[in-house]
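Protein chains in written order, with the working numbering: chain A, 1 to 347; chain B, 1001 to 1347; chain C, 2001 to 2347; chain D, 3001 to 3347.
Below is one structure, written out as structure tokens; comments come after it.
There are 4 protein chains.
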Amino acid sequence: MQFASDNWSGAAPEIVDAVTREAARVGAAYGGSEIDRDVEARFADLFEHEVAVFLAATGSAANGLAMVAANKPGGVIFCHRDAHMIEGECGGVEYLTGGARLMGVEGAAGRIDVEALKQAIAALTPASEHSGQGMAVSLTQQTEAGTVYSLDAIREIASIAKANGLPLHMDGARFANALAQSNATPAEMTWKAGVDMLSFGATKNGCIAAEALVFFDPSQARDMPFLRKRAGQLFSKSRFVAAQLDAYLKDGLWLRLARHSNAMADRLRAGIARSAKAREAWPTTGNEVFVVVPKSDAKRMADAGAIFHEWARVEGVRLDAKETVLRLVTSFATSADEVDLFLEKLG
Amino acid sequence: MQFASDNWSGAAPEIVDAVTREAARVGAAYGGSEIDRDVEARFADLFEHEVAVFLAATGSAANGLAMVAANKPGGVIFCHRDAHMIEGECGGVEYLTGGARLMGVEGAAGRIDVEALKQAIAALTPASEHSGQGMAVSLTQQTEAGTVYSLDAIREIASIAKANGLPLHMDGARFANALAQSNATPAEMTWKAGVDMLSFGATKNGCIAAEALVFFDPSQARDMPFLRKRAGQLFSKSRFVAAQLDAYLKDGLWLRLARHSNAMADRLRAGIARSAKAREAWPTTGNEVFVVVPKSDAKRMADAGAIFHEWARVEGVRLDAKETVLRLVTSFATSADEVDLFLEKLG
Amino acid sequence: MQFASDNWSGAAPEIVDAVTREAARVGAAYGGSEIDRDVEARFADLFEHEVAVFLAATGSAANGLAMVAANKPGGVIFCHRDAHMIEGECGGVEYLTGGARLMGVEGAAGRIDVEALKQAIAALTPASEHSGQGMAVSLTQQTEAGTVYSLDAIREIASIAKANGLPLHMDGARFANALAQSNATPAEMTWKAGVDMLSFGATKNGCIAAEALVFFDPSQARDMPFLRKRAGQLFSKSRFVAAQLDAYLKDGLWLRLARHSNAMADRLRAGIARSAKAREAWPTTGNEVFVVVPKSDAKRMADAGAIFHEWARVEGVRLDAKETVLRLVTSFATSADEVDLFLEKLG
Amino acid sequence: MQFASDNWSGAAPEIVDAVTREAARVGAAYGGSEIDRDVEARFADLFEHEVAVFLAATGSAANGLAMVAANKPGGVIFCHRDAHMIEGECGGVEYLTGGARLMGVEGAAGRIDVEALKQAIAALTPASEHSGQGMAVSLTQQTEAGTVYSLDAIREIASIAKANGLPLHMDGARFANALAQSNATPAEMTWKAGVDMLSFGATKNGCIAAEALVFFDPSQARDMPFLRKRAGQLFSKSRFVAAQLDAYLKDGLWLRLARHSNAMADRLRAGIARSAKAREAWPTTGNEVFVVVPKSDAKRMADAGAIFHEWARVEGVRLDAKETVLRLVTSFATSADEVDLFLEKLG
């Protein structure tokens, strides 16, 4: 009953097979091999657009490098108050950019509120040498709160960003989960909606360690080879990361894995809806479910072997003093039995 | 006939097996799993000493984080003029430290000259707010030039470093190759000789991507969890890196791989000694051989399918205008047939 | 009718005299002259405590260097939401620290709310490699909103800071104005109340350019000579800054200048209280007065030659749509006639 | 007998007068006053070219900001091995740029050797993500060794820089001394010879603290207002720096001061030529004289009250074990009597 995080899961067999095949081969180091080039072509096909792709070790690194590419002196990044960049990267963006500032924007259920975004940008417009200047907008798809932005919502944020000369970055650590539940194409959810840079995460959804920073305008990535290298993010055996992504994107594996993960979350949600003990804290649609339970039940479930995190960012949720919120995350490796056992134990 | 670099090789079967096993498991993210702890214990056993171990994506990252740990304002690092930190990391140390300076010290065949080191340190002693202050000495074992430092040589450099209050770092991207050819224990080649921090590289010697920064005095690593995280170097599925290192260190696999690699280089050296076309540029003992050949033969070998790099840093080597220097690197995956074919073609 | 800022004023005659005297002398560069040492002794006398003093070009530099001295990886600084560090330094603290984060804490009229501070610190306690760690608390005395902290309030904030292992910094760009209106000694308002570092500003109060970063525990300043130098803040003719501060501190000049400035603000306040057109936005006691006026009167006064800034940070102030808030700042150079003319024109 | 440095001198009366006048005035802060604009116009007149001018506190700051403007990831700056940026700024350039690298280029008597420069640039061309990329060339006029570059020499270096896409910076801490001894106009010595950015120093030549970073192509300075502000280099009472420069440039004061300083050095040189005790270490033409004397005489002169620095960077100078090299610097404030007394005592 592992619902702590999708990054507690292992790796999909197809990913392991790709790594195993690669292990028996010889290939150029530092991104110069055939499969490194192949995977860039796969991304171009997937997104139906010219792209520049930079593999990196972690999602934090991909996010950080994206912000380095957008960096300006006195630069301010507008993102949701609970964004991973703010809450979960130990100041990595600030460090890698040499001091950009993250401005947390309000918004319910993990999504940036459009009016709050406009106001935050307006407060720095026109740019002033005293207070600084906007440098980027970043949104997370699927959000930290398990919700997704509609295409319309992305387009609206993009149009605000563009109107202010700011590039739009999407933190897609769980991009697969967001896309798998939509009718959109990868292109529609990104550059067609106005996204300039995407942190394309694959690790959480069945890879070992495979993250890619995708630029939809390669001319914005000219310095990136230098930036990635000096950040210690250029793998010598880069082709092992490329091989993971090659298998991940091949024949739609990535979406099959994400659909399974989402389906397991749906199964959880359905069970929660029937439970006398629990209720959803807010509606979610991807592979994360946030559940209000009595603290005593949280303890009971943990004692029974369920693994999960309690969630602190619960503004706007009605809780009584005896209740807490659990975050339950499913993955490609979650089984229906596991979900059912959890629901059974929960009661 | 791949002699371009040991990081062009794939991965050893035992390493792939470990990854495959890990893929089927569930485990805590961000270094919290059992195998993460096990691998730290393995390092402590290996080095017969308390250690703090930090896994990282690349050798450049391990080196950079080591220097961040040693960082001082106006700080200067003393290392060999041809050190990877200077020649091959795109200013990564400068970037990650926020502006430390690398001072290249002279020395034949990739080894720091002791007198030149003393002089360089003396020029910054006493520390001055105008010119800065020493912050670390870093040596590479095995060096970029394929040579190794004797234990006495390490001790001598360590004593100079200590006398000046400078921690000693060892860039061990090819530590296994250095150790495998010596009678020394890992402890003797490191902390017993005065090394404070070791970038322990495993990628070049049969892993997929596995680098560890080892502190022999854990109190010097107190900030490292924060530093690593914000540098984007904390893998969420850290246990896949741990699993590689666990298998690598188990039952001496790492030294078996390195011994094979070194033996293939010995076979190359023996063949070169018999060749009418080539001679060693300088004596080496690890898995790198530097060979003077006529440029026409270099071209001929490349046309015949041999892969190698020409080497530019050849101070002190007598070359005529028609000659060039090749760097030939062997790995765990190099076969005797491959070596013999190369020698046969070379003539 | 110059009420735009105290840094629009010139310099006091005693300060100019000191500079003139110094111009005719010869003295050691880079802080090595007699008057450089004298001024450090003056600070020790003034604060009745051993101190380490570092002159700097601007208040932003003094603040930034203070934060560099307190810096930690993943470090977070707690200060008022409207602090100069956040609002007026173009990300200077983030830049100079290589990426520390400023966490804006709520609080009425420019003063940190104690409960909000506790909550903000608690959210980062215990320190986590994911979210970072507290590194300092900074308060501004007199605040950006023209108010002052009582000694009790400083002590309370200091005790929270200490309980969490955080050094307390005071941004004293208008320290003189705060002190001049109190019965406290410089010692009582700083180290006796728990302040560890003080940005002691003199420029706004009659100097040309003279800022000092004062450490009450010199052992915390050991790296500061290097840090200041590499930040480009070590004046070669440092003695001209020292001479300004020497004259400034001599025979209480600094407090006489501040008392005059405060008295002019009191005169303004008294006039505002009698005015039919204006009212104070919130009560202030130093050399800044915030005044609600109809926008039409603001325009009228500007047309009449009054110089002032409109103020945007007016949370909690009841304004109707036709009103605006003016910030009126007095200085050592403000004359009673100037104030009276302003009040007369205001009506 | 003060020959330690020109920054040990005081300030010229005209400079003090300008400051005194400014002290009695009111004016906009942060560079917004009339004299701030006037001084920019003066620079445009002086250099017969559109310019963007940024005042800064110190020469180190001006140099550092110039390099920030030219900054590239993995960037390498080519300058003379003994340049102030390398030898005297405590890693300030590295710090402010977030990790650019200074590559010391050889050259006799403080001047970059053209062939060595070509070689150093060639070693980084084409740019590589492993070794980095060139970002600027910086030369010092007058050099640290008291010599000057001819216009032809500047043009040659500029043409190498341009051919490699590198902007050319001139560290002009002693630009006045260089210009005063030439027949060139300010324009000829800078942009007409290919200089893109000039650190225009006035402090050493009779100002209190007045440095200006001058861009001959203002489009390259677009980010500079933000960069300067966040580096803590935007003076609130900027007009006091502007006033110094206004007086300095008015009616050729700056060249009169420099000519005096150079004449005093000539008087020293003439005396040294007659001395039985001393000889010039190498020929110089500005306000610095480097003199070989027996160590016993150096001590004797110091005991007699002469102030000077011994000079360590004496490659290529023939010295016997009993000799040392003194650096003697004259300034606008040096008197003929002072020189004569020194020469008389020297014997």
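Glycine is no exception: its CB is placed at the ideal position from the N, C-alpha and C atoms.
> Using the rule of at least 16 other Cβ atoms within 10 Å of the residue's Cβ for burial, across every protein chain shown, is alanine 127 of chain A buried or exposed?
Replying inline: The residue given as residue 127 of chain A occupies position 127 in the first sequence. Counting Cβ neighbours within 10 Å, alanine 127 of chain A comes out buried, since at least 16 surround it.
> For leucine 3124 of chain D, which three-state DSSP category applies?
Replying inline: Within the fourth sequence, residue 3124 of chain D is the residue found at index 124, counting from 1. Correct three-state label for leucine 3124 of chain D: coil.
> Would you call the stretch 2170-2189 of chain C and the stretch 2016-2027 of chain C in contact, with 3 or more CB pairs under 8 Å?
Replying inline: no
> What do you get for glycine 3165 of chain D, buried or exposed, if any count of 16 or more other CB atoms within 10 angstroms of its CB means buried?
Replying inline: The residue you call residue 3165 of chain D lines up with position 165 of the fourth sequence. So glycine 3165 of chain D counts as exposed.
>> By the three-class DSSP mapping on this structure, what secondary structure does leucine 2356 of chain C have?
In response: Nothing about residue 2356 of chain C can be read from this structure; chain C reaches only from 2001 to 2347.
> Taking only beta-carbon atoms, is arginine 1155 of chain B less than 8 Å away from chain A?
Replying inline: What you label residue 1155 of chain B is simply residue 155 of the second sequence in a count that begins at 1. So, not an interface residue.
> Should histidine 2130 of chain C be flagged as near chain B, meaning a C-beta pair shorter than 8 Å?
Replying inline: Here residue 2130 of chain C refers to the residue found at position 130 of the third sequence. Closer than 8 Å to some Cβ of chain B, the Cβ of histidine 2130 of chain C qualifies, so yes.
>> Which residues does DSSP list as the beta-bridge partners of glutamate 1034 of chain B?
In response: Locating residue 1034 of chain B in the second sequence gives position 34, counting from the first residue. Paired residue(s): none; glutamate 1034 of chain B is not in a bridge.
>> For a contact defined as C-beta to C-beta under 8 Å, what are the partners of glycine 3098 of chain D on chain A?
In response: The count along the fourth sequence starts at 1 and reaches residue 3098 of chain D at position 98. Under the 8 Å cutoff, chain A gives Gly98.
> The alpha helix (DSSP H) with isoleucine 1272 of chain B in it runs from where to where?
Replying inline: Position 272 of the second sequence, counting from 1, holds the residue named residue 1272 of chain B. Element bounds for isoleucine 1272 of chain B: 1253-1274.
>> Quick check on DSSP: helix, strand or coil for threonine 3185 of chain D?
In response: On the fourth sequence, residue 3185 of chain D is found 185 positions in, with the first residue counted as 1. Note: threonine 3185 of chain D maps to coil in three-state DSSP.
>> So with CB distances below 7 Å, who are the chain A contacts of proline 3073 of chain D?
In response: The count along the fourth sequence starts at 1 and reaches residue 3073 of chain D at position 73. Chain A residues near proline 3073 of chain D: Asp223, Phe226, Leu227 and Arg230.
>> According to DSSP, isoleucine 1307 of chain B sits in a beta bridge with which residue or residues?
In response: For the purposes of this step, residue 1307 of chain B is taken as the residue at position 307 of the second sequence. Bridge partners of isoleucine 1307 of chain B: B:Gln1002.
> chain A beta carbons: is any one of them nearer than 8 Å to that of leucine 3326 of chain D?
Replying inline: Position 326 of the fourth sequence, counting from 1, holds the residue named residue 3326 of chain D. It does not: the Cβ of leucine 3326 of chain D has no partner Cβ on chain A nearer than 8 Å.
> Which of the residues in the stretch 2081-2113 of chain C, read from start to end, lie with their CB under 9 Å from any CB of chain A?
Replying inline: Ile2086, Glu2087, Gly2088, Glu2089, Cys2090, Gly2091, Gly2092, Val2093, Glu2094, Tyr2095, Leu2096, Thr2097, Gly2098, Gly2099, Ala2100, Arg2101 and Leu2102
>> Buried or exposed, going by whether 16 or more other CB atoms sit within 10 Å of the CB of leucine 3033 of chain D?
In response: For the purposes of this step, residue 3033 of chain D is taken as the residue at position 33 of the fourth sequence. Strictly speaking, residue 3033 of chain D in this sequence is serine, with leucine absent from that position. So serine 3033 of chain D counts as buried.
> So, valine 1068 of chain B versus methionine 1103 of chain B, is the Cβ gap smaller than 8 Å?
Replying inline: Numbered from 1 along the second sequence, position 68 holds the residue referred to as residue 1068 of chain B. Numbered from 1 along the second sequence, position 103 holds the residue referred to as residue 1103 of chain B. Not a contact, by the Cβ cut-off of 8 Å.
> Residue ranges of each alpha helix (DSSP H) run of no fewer than 4 residues wholly in the stretch 163-225 of chain A, ordered along the chain?
Replying inline: 175-180 and 186-189
> Which one or two residues does DSSP pair with serine 2138 of chain C in a beta bridge?
Replying inline: Mapped onto the third sequence, residue 2138 of chain C falls at position 138. According to DSSP, which records beta bridges pairwise, serine 2138 of chain C is partnered with C:Cys2079 and C:His2169.
> Applying the criterion that 16 or more other CB atoms from any shown protein chain within 10 Å of the CB defines a buried residue, is glutamine 3119 of chain D buried or exposed?
Replying inline: Along the fourth sequence, read from residue 1 onward, the residue named residue 3119 of chain D stands at position 119. By the neighbour-count rule (16 or more Cβ atoms within 10 Å), glutamine 3119 of chain D is not buried but exposed.
> Quick one: which chain C residues come within Cβ less than 8 Å of leucine 1234 of chain B?
Replying inline: Position 234 of the second sequence, counted from the start, is the residue given in the question as residue 1234 of chain B. Simply Glu2129.
>> If I follow the unbroken beta strand (DSSP E) through glycine 2059 of chain C, where does it start and stop?
In response: By 1-based counting over the third sequence, the position of residue 2059 of chain C is 59. Run containing glycine 2059 of chain C: none in the beta strand (DSSP E); it sits in the alpha helix (DSSP H), 2059-2070.
> Given a threshold of 16 other Cβ atoms within 10 Å of its Cβ, counted over all protein chains shown, does aspartate 3303 of chain D qualify as buried or as exposed?
Replying inline: Locating residue 3303 of chain D in the fourth sequence gives position 303, where the first residue counts as 1. Its Cβ having fewer than 16 others within 10 Å, aspartate 3303 of chain D is exposed.
>> Any beta carbon of chain A sitting closer than 8 Å to that of phenylalanine 1308 of chain B?
In response: Translated into the one-based positions of the second sequence, residue 1308 of chain B becomes position 308. No, its Cβ sits nowhere closer than 8 Å to a Cβ of chain A.
>> Using 8 Å for Cβ pairs, my map puts proline 1294 of chain B next to glutamate 1338 of chain B. What's the rounded Cβ distance?
In response: Mapped onto the second sequence, residue 1294 of chain B falls at position 294. Mapped onto the second sequence, residue 1338 of chain B falls at position 338. The pair is not a contact, with the Cβ atoms about 22 Å apart (cut-off 8 Å).
> In chain B, what lies closer than 8 Å to phenylalanine 54 of chain A by C-beta?
Replying inline: The residue given as residue 54 of chain A occupies position 54 in the first sequence. Residues of chain B passing the Cβ test: none, with the nearest at roughly 12 Å.
> Considering only C-alpha positions, which residue in the set D:Glu3211, D:Ala3258 and D:Ala3136 is nearest to lysine 2237 of chain C?
Replying inline: Locating residue 2237 of chain C in the third sequence gives position 237, counting from the first residue. It is D:Glu3211 whose Cα lies nearest to the Cα of lysine 2237 of chain C.
> What did DSSP end up calling alanine 3044 of chain D once you bin it into helix, strand or coil?
Replying inline: Counted from its first residue, the fourth sequence places residue 3044 of chain D at position 44. Alanine 3044 of chain D: helix per DSSP, three-state reduction.
> If you follow the beta strand (DSSP E) that leucine 1096 of chain B is part of, which residue opens it and which one closes it?
Replying inline: The sequence position of residue 1096 of chain B within the second sequence is 96, counting from 1. First-last for leucine 1096 of chain B: 1092-1097, but that is the alpha helix (DSSP H), not the beta strand (DSSP E).
>> Along the stretch 3026-3044 of chain D, where does the CB come closer than 7 Å to a CB of chain C? Name the residues.
In response: Val3026, Gly3027, Ala3028 and Ala3029
> Does glutamate 3022 of chain D come within less than 8 Å of chain C when only Cβ atoms are used?
Replying inline: Working through the fourth sequence from its first residue, we reach residue 3022 of chain D at position 22. Yes - at least one Cβ of chain C is within 8 Å of the one on glutamate 3022 of chain D.
>> Taking 6 Å as the limit between beta carbons, can you name the residues of its chain near glutamate 89 of chain A, skipping five residues before and five after?
In response: Reading the first sequence from its first residue, position 89 is the one you call residue 89 of chain A. Within the same chain, glutamate 89 of chain A has close Cβ partners Ser60.
>> Is there a C-beta anywhere in chain D that falls below 8 Å from the one on phenylalanine 2175 of chain C?
In response: As a first step, residue 2175 of chain C is located in the third sequence; it is residue number 175 there, counting from the start. So, not an interface residue.
> Could one say the Cβ of glutamine 2133 of chain C lies closer than 8 Å to chain B's Cβ atoms, at least one of them?
Replying inline: To locate residue 2133 of chain C, count along the third sequence from 1; it is residue 133. True, the Cβ-Cβ gap to chain B drops below 8 Å.
> Using a Cβ-Cβ cut-off of 6 Å (strictly less than) and excluding sequence neighbours within five positions of glutamate 2014 of chain C, which residues of its own chain qualify?
Replying inline: Taking the third sequence and counting its residues from 1, one reaches residue 2014 of chain C at position 14. Excluding sequence neighbours, glutamate 2014 of chain C sits near Ala2247 and Leu2253.
> Considering only C-alpha positions, which residue in the set D:Leu3198, D:Gly3099 and D:Gly3098 is nearest to serine 3138 of chain D?
Replying inline: Residue numbering aside, residue 3138 of chain D sits at position 138 when the fourth sequence is read from its first letter. Among D:Leu3198, D:Gly3099 and D:Gly3098, the Cα nearest to that of serine 3138 of chain D is on D:Leu3198.
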